[in-house]
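Here the structure comes first, spelled out in structure tokens, and everything after it is commentary.
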Amino acid sequence: MTSQNPFRQSAFPPPPRARQVPHRHADGREDPFHWLRDPGYPDVRDEAVLDYLKAENAYVDAVLGGSSDLRPALLDEFKALVIPDESPPPSWLHGRWYGARFEPGREYPLWYCKDTLEAPETIILDANREAEGYGFYAVRDWAVSPDHRFLAILDDIDGSERLRLRIRDLQAGADVHTAAVPCSSGLGWSADGRTLFYIRQDDKQRPRWVHRHRLGDAGEDPLIYEETDPVFFVGIGESASGRFLHIESAAKNSSETRLVPLAEPEAVPRLVLARRPDHEYDVADRGDELLIRTNDRHHNFRLVRAPLDDPRESGWQEVVPPSDQALISGFGVARDFWWLVERTQAQKRVRVVTGQHRDASAGKVISFPDPAYTISALDGHQWDRRTLRLIYESPARPRTWYDYEVATARLDIVQETSVPTHAPDDYVVERIWATAKDGVRVPISLVRHRATVDDGPAPVLLYGYGAYGMSMDAGFSANRLPFLGRGMIWAIAHIRGGEEMGRAWYDDGKLLKKRNSFDDFIACAEHLVSAGVAAPGRIAAMGGSAGGMLMGAVANQRPELFAAVLAMVPFVDVLSTMHDASLPLTPPEYVEWGNPADPVFHAYMASYSPYDNVVAQAYPTMLVSAGLYDPRVTYWEPAKWVAKLRTLKTDDHVLLLHTEMEAGHGGASGRYKALAEVAERLAFVIRVLDLPERPVHGTMSVKEQG
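Counting with the UniProt record's numbering, you get residues 1 to 706 for the letters of the sequence shown.
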């Protein structure tokens, strides 16, 4: 297979070779590349480490650059698909319209408000101005006070996710408060607009403390809640009714909620239901009752109601029974209706229940006939509204906003996204099923250009994730179009570890069943070949973060199946990370991967941990990425993995490591700067799979548009 790949390491200057320094972990594993972990992290200052990462970046440029460098033209092609003045519909908040939009050619959005949809806008935050002087910038969260006077901003200036909290007086146009501590996402304003609730991180970046800040007060902000259990993270948010601040403590398999009346910001948070192992719930208030989504009796959840002033389980009344076929993945409320978001057979649907009906069977189901798509319902802040805002998209069709009028069951288009040069009807979306080695059927979503042959094999990019119960919905991405324009098929493998097929789908892809995720992905690749969709040697596999672990595992297990592997910020040094409780995410992750202090889990992790299972064999051509300030997958995991692969692999295939030196887990910030990474991935795939350098249908570059 890979012998036909002309993209050879020997055609380029020699790659960097990391030195080996003897190191033995407490469990006896030898790790000669352990030195790549800077002991001062998150501040990386070790010159030897930085020099190695820079040398790897220079090697990427040596391989992909030069006179045959495709990246500049591809970047133009991706830029041509950016909507210059992109602006989603504004939202109604506290009696005004708020929205975000882009200006042509600018990297970051600006936020505005207006009294009516026809009124002129007032700019409240221009992220382009805020980003000046920073190599990375992202607004992670924001909240405006109910009187529209103050804006709370949580921004990230290096990609580390240690957020800066500022409060801006919108009348004066100046910041009146900046917190001196790193914060996490989550904000809430009191009803009078003078008290702000926020979350402070501990030294492991765990969202741990909820504080309140009274405008004008000096000194330390009062602590209103502390999460003392290291496996629980805290989140906050205003309820849809606007009556309460929710303080939610959650681990991977347990949660609890406290309520603070926003009209009484100094009130003691009131517990709804105490946490217990393997019980997750979330709540919404409607008048004098709570609706509660709970998995107390079934892993796919049910919906109950309880008195607001006494929500004990003994008083619960079932509203929606649990189902083996449908997962209740979310729900929401308004004054006169409520809704469920359900997953069944790897598709989403929304069920809307009107008036005082307490039985979901009286509701209307909103779904679409496409073979694969995704739909979302927006909570909004207009409690007495008569419509539900929905967002629909498919792999072929960009995002469309709908308003569903509850009383008449009418679905009205609010706004359709029009991507430059893209014609949705030129693309075909399909859903097919593979069979895993244990007999389980695994869904695959496919999209291709209509001109791509469907009666014979084509080059395929197979994407997968499969962890944390995160479902990889079949949505739209303009960044796929240049791939599809070169005759590729883009496939999403909905493998176990997500929740596409219900909570059991997640449970069957974690802990001592984690290898099911890898087996499912391999089965999907094999099915694409056996079904004649793909040809051997013409499959590129891609995944990021936990999906990068997936890439490492399948590259170790079935390297001959894939011509190329793209592993973005990959979690590959599983045993070392899970042994290190000093890292931000390790203790909370025990319920996902297991605790290697237990010999059973240690042995199981050792059987698949990509870094620990690199052996002397031929590997696919690979592109690996890292972020120097990544708090989720630390940069040294991909760096160590690549260093070990270079030492042991027996092939002549190119192996590339690109580290973003001013970014974290999500890569570069800015809508144009981020496209450079995507262009690099396509340049890599073109070279490995010998695709056309220019699109043969469907997309065109800026220069081609004139």
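Where is the CB? At the ideal position from N, CA and C, for every residue including glycine.
Checklist entry - If D651 sits next to Y611, beta carbons under 8 Å apart, how far is it from one beta carbon to the other, in whole angstroms? => result Cβ-Cβ separation between D651 and Y611: approximately 18 Å, too far for a contact (criterion under 8 Å).
Checklist entry - Is the beta carbon of G330 less than 7 Å from the beta carbon of V320? => result Going by C-beta atoms, G330 is not nearer than 7 Å to V320.
Checklist entry - Just to confirm, are L657 and V633 a CB contact at a threshold of 7 Å? => result Taking 7 Å as the cut-off, the Cβ atoms of L657 and V633 do not count as close.
Item to check | Supposed contact pair L75 and residue 710 - C-beta distance, whole angstroms, cut 8 Å | outcome: In the structure as shown, the chain starts at 1 and stops at 706, and residue 710 therefore has no counterpart that could be examined.
Item to check | Rounded straight-line distance, which links the Cα of P398 to that of R335 | outcome: In this structure, the straight-line span from the alpha carbon of R335 to that of P398 is close to 31 Å.
Item to check | For V231, three-class secondary structure by DSSP | outcome: The answer is coil: DSSP assigns V231 none of H, G, I, E or B.
Next on the checklist: Counting C-beta neighbours from all protein chains within 10 Å, is the total for T257 16 or more, i.e. buried, or is it exposed?
Outcome noted: With 16 or more Cβ atoms within 10 Å of its Cβ, T257 is classed as buried.
Next on the checklist: Can you check which of these residues, F476, K649 and V268, is closest to L81 by C-alpha distance?
Outcome noted: Closest by alpha carbon: F476.
Item to check | Neighbourhood of R450 by C-beta distance below 6 Å, restricted to the same chain and skipping five residues each side | outcome: Correct list, in chain order: D426 and V428.
Next on the checklist: My assumption, with CB atoms under 8 Å, is that residue 708 sits in contact with V414. Please give the rounded CB distance.
Outcome noted: Because the chain here runs from 1 to 706, residue 708 falls outside it and cannot be looked at.
Checklist entry - CB-CB under 6 Å to E637, same chain, minus the five flanking residues each way: which ones, in chain order? => result So the list reads V572 and D573, once near-sequence residues are dropped.
Checklist entry - At what residue ranges does the stretch 547–633 contain a whole run of the beta strand (DSSP E), taking only runs of 3 or more? => result As far as the stretch 547–633 is concerned, its whole beta strand (DSSP E) runs of at least 3 residues are 564–568 and 621–627.
Next on the checklist: Per DSSP, what are the beta-bridge partners of S445 in this structure?
Outcome noted: Per the DSSP secondary-structure output, S445 pairs in a beta bridge with R431 and I492.
Next on the checklist: If you follow the alpha helix (DSSP H) that I686 is in, where does it begin and where does it stop?
Outcome noted: The continuous alpha helix (DSSP H) containing I686 extends over residues L675 to L689.
Next on the checklist: Would the stretch 509–522 count as touching the stretch 452–469 if we require 3 or more Cβ pairs under 8 Å?
Outcome noted: The stretch 509–522 vs the stretch 452–469: in contact.
Checklist entry - So what does DSSP say about W316, is it helix, strand or coil? => result Of the three classes helix, strand and coil, the one that applies to W316 here is coil, per DSSP.
Next on the checklist: Tell me the DSSP secondary structure of R305 in three-state form.
Outcome noted: Three-state DSSP puts R305 in a strand.
Checklist entry - What whole-angstrom Cβ distance do V144 and L196 have, given they're in contact under 8 Å? => result Incorrect: roughly 11 Å between the Cβ atoms, too far for contact.
Checklist entry - Are K364 and A409 touching if we call contact CB-CB under 7 Å? => result In contact: K364 and A409 (Cβ atoms closer than 7 Å).
Next on the checklist: Between D229, D203 and H246, which has its C-alpha nearest P277's C-alpha?
Outcome noted: With respect to the C-alpha of P277, the residue from D229, D203 and H246 having the closest C-alpha is D229.
Checklist entry - Does the pairing of the stretch 48–68 with the stretch 14–22 give three or more beta-carbon distances under 8 Å? => result Touching, yes.
Next on the checklist: Are the CB atoms of A491 and V529 within a distance shorter than 7 Å?
Outcome noted: No; because the gap between Cβ atoms is not below 7 Å, this pair is not in contact.
Checklist entry - Beta carbon of R270, beta carbon of L262: below 7 Å? => result Contact: no.
Next on the checklist: Here's the rule I'm using: 16 or more other beta-carbon atoms within 10 Å means buried, otherwise exposed. How should L462 be labelled?
Outcome noted: Around the Cβ of L462, a 10 Å sphere holds 16 or more other Cβ atoms; the residue is buried.
Item to check | C-beta contact flag for S249 and Y629 at 7 Å | outcome: Not in contact: S249 and Y629 (Cβ atoms no closer than 7 Å).
Checklist entry - With DSSP run on the structure shown, which of helix, strand or coil describes A174? => result Strand at A174.
Checklist entry - What do you get for V565, buried or exposed, if any count of 16 or more other CB atoms within 10 angstroms of its CB means buried? => result It counts as buried.
Item to check | Beta-carbon spacing of L165, A683 below 7 Å | outcome: It is not a contact, given that the beta carbons lie outside the stated cut-off.
Next on the checklist: In the DSSP assignment, the alpha helix (DSSP H) including D76 goes from what residue to what residue?
Outcome noted: For D76, the enclosing alpha helix (DSSP H) begins and ends at R71 to K79.
Checklist entry - Curious, which full-length beta strand (DSSP E) runs of at least 3 residues does the stretch 634–664 contain? => result Whole beta strand (DSSP E) segments, 3+ residues: 655–660.
Checklist entry - Considering D412, what are the terminal residues of the alpha helix (DSSP H) in which it resides? => result Premise fails: D412 lies in the beta strand (DSSP E), R410 to E416, not in any alpha helix (DSSP H).
Checklist entry - Which word fits R206, buried or exposed, when buried means at least 16 other C-beta atoms lie within 10 angstroms of its C-beta? => result That one is buried.
Checklist entry - To the nearest angstrom, how far is it from the Cα of R149 to the Cα of D192? => result Taking the straight line joining both Cα atoms gives about 11 Å.
Next on the checklist: Please classify L125 as buried or exposed, where buried requires at least 16 neighbouring CB atoms within 10 angstroms.
Outcome noted: Looking at its Cβ environment, which holds 16 or more other Cβ atoms inside 10 Å, L125 is buried.
Checklist entry - Distance, Cα to Cα, residue 756 vs D221? => result This structure cannot settle anything about residue 756, because the visible part of the chain is limited to 1 through 706.
Item to check | Residue of A138, S418, L648 and S394 minimising C-alpha distance to A474 | outcome: It is S394 whose Cα lies nearest to the Cα of A474.
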